[in-house]
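Read through the structure below, which is laid out as structure tokens, and then see the notes.
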Amino acid sequence: MKLQTLELEWVQQERKDREICDAEMRRITSDFKFCAHDHSFTCEIDRMADEDWDKETIPLMGDPTASASRVLQDTCNYIRSLRREVDDLSEKLSEILATSDSAQAALIRSLLM
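Numbering of the sequence shown is given in our numbering, commencing with residue 389 and proceeding in unit increments.
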């Protein structure tokens with residue numbers, strides 16, 4: 389009887405652990421999708437020719453009297469920070485995929501496609 393109780397507790401703990409793992413995987417996948425979108429967007433901006441920048445309206449960040457070069461610099465800095473964040477999250481996801489079992493890795497890959 390004690391063995392059945394222990395096995396039941398083990399199964400319940402496994403189920404709780406799986407639920408926690410699934411929730412974490414959903415969160416990571418969601419974060420990764422946002423980062424992938426941000427990365428795609430920053431790559432698109434990086435490919436823009438200088439002439440095309442003149443056609444775009446750049447939002448002012450803070451001071452409305454800021455010079456155009458300052459606004460452009462702030463915008464570029466922000467884009468660079470987004471790229472670093474995407475790279476960091478991509479690295480974290482790669483580490484998770486490397487340490488996950490094949491079923492979890494397959495699940496993540498299917499969600500990313």
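Cβ coordinates follow ideal geometry from the N, Cα and C atoms, glycine included.
Does the distance from the C-beta atom of residue i to that of residue j stay below 7 Å?
{"i": "Thr430", "j": "Leu499", "result": "no"}
{"i": "Val459", "j": "Asp426", "result": "no"}
Name the two residues that bound the continuous alpha helix (DSSP H) containing residue i.
{"i": "Asp434", "result": "390 to 434"}
{"i": "Ser469", "result": "456 to 487"}
Taking the alpha carbon of residue i as the reference point, which residue from the options has its own alpha carbon closest?
{"i": "Arg415", "options": "Thr487, Leu396, Lys480", "result": "Lys480"}
{"i": "Leu477", "options": "Cys423, Asp440, Ser488, Ala493", "result": "Cys423"}
{"i": "Tyr466", "options": "Ala493, Asp434, Glu412, Arg497", "result": "Asp434"}
{"i": "Leu485", "options": "Leu394, Arg472, Asp462, Phe420", "result": "Phe420"}
Around the Cβ of residue i, are there at least 16 other Cβ atoms within 10 angstroms (buried) or fewer (exposed)?
{"i": "Val399", "result": "exposed"}
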